[in-house]
Amino acid sequence: MDDINLHYRFLNWRRRIREIREVRAVRYRERLKRMLREGDILRYHGNSDEVGCFVAARPLLRRNRYFEVTIIDTGVRGMIAVGLVPQLYKLDHQPGWLPHSVAFHADDGKLYNGNTVGQQLGPKCCRGDRIGCGVSLDSDDGQLTVFFTKNGKEVGSVDILASPDALFPAVGMHSLGEEVLLDLNAEWGMEEDDGQMIVDSHEEDWGRLHDIKVTGTLLEYVGKGKSIVDVGLAQARRPLNTRFHYYELEITDAGEKCYIALGLARRDYPKNRHPGWSRGSIAYHADDGKLFQGSGVGDAFGPRCFEGDVMGCGIMFPRDYSLDGGDDVDDWDLDVIPKPSEVQNDLYANNEDEEDEGEDLEGRKVTVFFTRNGKVVGRREVALPVGGLYPTIGMMSTGEKVRVDLHPLSG
């Protein structure tokens, strides 16, 4: 009977994940009119009498709060606009012209804030200039500060009444020959001091980082990528639990070899071991589609994953499972969870050997499952270590980048 109930619960989770993926496929879709996009290049494709506009697929959130546009060609008039708009913005209007939109215009250096009449903000921009737009992290509730930059220096800002998740990066053009390079993952506020990287405010989600750079929700491998010990590891600050039991990553850049692994691991997992290779861990590897469970030898499991694919991992807890000390996840095992100010970022630390002693791994059995593009690939039964299993991501070749959503089922 328990097996039958588990099977039906598993089918329900598959249906739930599929429904969420279908909704997102419709909700998060870029929009453009009178423009051509080739990779990160946007080109005007009109007759100069009509506006062309591009609206990104995802909003500019505080966790991914900044983007940039580099002007490749100003065309006839250089009427290029960079800013934020609602998702369903009318594409025959420049960003900033209509209500609930704001933009900096390159041809006159003016700020347009829901009006066709602009206010002088900064200098005009020419070919080769880099225009940036972002959301300030210290914005008050209900009031959002949008700032603009030119070539890495802030030129001005404006306070607007809006929610950050309702504003989407947008680029407008209005004359023949205009062309820009779009960077939706641009960095702002990143500084280096004596070789130590200062990660942005999203670092509170991560308890351990080794040879991984964090930019909003984007994780980038920055290790040597020359041997099997050159692993980049990112481990979440909190384990999966009955409230947040699933997470996902999207492969935004497969790098040289796509040595990307997604899985779960004990809290003290070695930083130089790919998830799944050592005991107390399990992981689905993108490059070969194999499942590794506490061993350096993987089992055939699912299809390989490539750039653009979304990989997911979750736990199906037993119905009678409860957290020690109550059901409030925020109080679970707080003694062993690092505080945000104690995040370990070993980005430039020496790759010293680590003892693989680990915690006591005996615990209750749970079912771990993996998905690819919203479809369940397979599942395995594992013992839950003391302290739980933490979302853990590994990368091992130059250029690899992934975008992580630790709570995809909460929205």
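Mapping of the sequence shown onto the UniProt record's numbering: residues 1 to 411, in sequence order. The beta-carbon is built from N, C-alpha and C at its ideal position, and this holds for glycine as well.
Quick one: grab the DSSP three-state call for residue i.
i, result
"Pro169", "strand"
"Asn113", "strand"
"Glu342", "Any reading at Glu342 must be qualified, since the residue scores a pLDDT of 39, below 50, and its modelled position is unreliable; the value itself is stated next. Three-state result, Glu342: helix."
"Arg372", "strand"
"Asp205", "helix"
"Arg319", "coil"
"Leu121", "coil"
"Pro99", "coil"
"Leu60", "coil"
"Arg37", "strand"
"residue 425", "It is not possible to answer for residue 425, since the shown part of the chain is limited to 1 through 411."
"Arg273", "coil"
"Arg267", "coil"
"Arg16", "helix"
"Phe67", "strand"
"Ile260", "coil"
"Tyr246", "strand"
"Cys126", "coil"
In this structure, what does DSSP give as the bridge partners for residue i?
i, result
"residue 429", "Residue numbering for the chain in the displayed model covers 1 to 411; residue 429 lies beyond these limits and cannot be assessed."
"Phe54", "Leu32, Val171"
"Gln293", "Ile282"
"Phe104", "Val82, Leu111"
"Lys213", "Glu220"
"Ile160", "Leu144"
"Thr74", "Glu178"
Given that a residue counts as buried once 16 or more other Cβ atoms are within 10 Å of its Cβ, and exposed if not, what is residue i?
i, result
"Pro303", "exposed"
"Tyr247", "buried"
"Asn272", "buried"
"Val402", "buried"
"Ile41", "exposed"
"Tyr112", "buried"
"Ala254", "buried"
"Asn47", "exposed"
"Tyr321", "exposed"
"Leu233", "buried"
"Gln143", "exposed"
With distance defined between alpha-carbon atoms, name the residue in the options nearest to residue i.
i, options, result
"Ser175", "Arg43, Pro169, Gly294, Leu121", "Arg43"
"Arg266", "Arg208, Tyr66, Leu36, Ala166", "Arg208"
"Leu409", "Gly387, Tyr390, Gly314, Gly399", "Gly314"
"Thr149", "Glu187, Thr116, Asn115", "Glu187"
"Asp129", "Cys53, Ala106, Val117, Thr116", "Ala106"
"Gly109", "Asp405, Ile80, Phe317, Cys258", "Ile80"
"Gly134", "Ile393, Glu204, Gly83, Gly52", "Gly83"
"Arg31", "His407, His93, Leu88", "Leu88"
"Glu381", "Phe370, Val180, Gly387", "Phe370"
For the ligand HEM, any of its heavy atoms closer than 7 Å to the Cβ of residue i?
i, result
"Leu389", "The model depicted lacks the ligand HEM and carries no ligand whatsoever."
> Taking three-plus beta-carbon pairs below 8 Å as touching, is the stretch 372-381 in contact with the stretch 156-168?
Replying inline: These segments do not touch.
Counting pairs of beta carbons, one from the stretch 214-225 and one from the stretch 163-171, are three or more of them closer than 8 Å?
Contact between the stretch 214-225 and the stretch 163-171 is absent: fewer than 3 CB-CB pairs across the two stretches fall below 8 Å.
* Flag this pair as touching only if the stretch 223-232 and the stretch 301-317 have three or more C-beta atom pairs under 8 Å; answer yes or no. => A contact between stretches requires three or more CB pairs, one per stretch, nearer than 8 Å, and the stretch 223-232 fails this requirement with the stretch 301-317.
* May I ask you to verify whether the stretch 287-297 touches the stretch 230-240, counting CB pairs closer than 8 Å and requiring at least 3? => Using a Cβ-Cβ distance cut-off of 8 Å, the stretch 287-297 and the stretch 230-240 are not in contact, since fewer than three pairs of beta carbons, one from each stretch, lie closer than that value.
With a threshold of 8 Å, are at least 3 pairs of Cβ atoms found where one atom belongs to the stretch 94-103 and the other to the stretch 167-185?
The stretch 94-103 makes contact with the stretch 167-185: 3 or more CB pairs, one atom from each, lie closer than 8 Å.
Determine contact between the stretch 107-121 and the stretch 62-71, defined as no fewer than three beta-carbon pairs at a distance below 8 Å. Touching, no.
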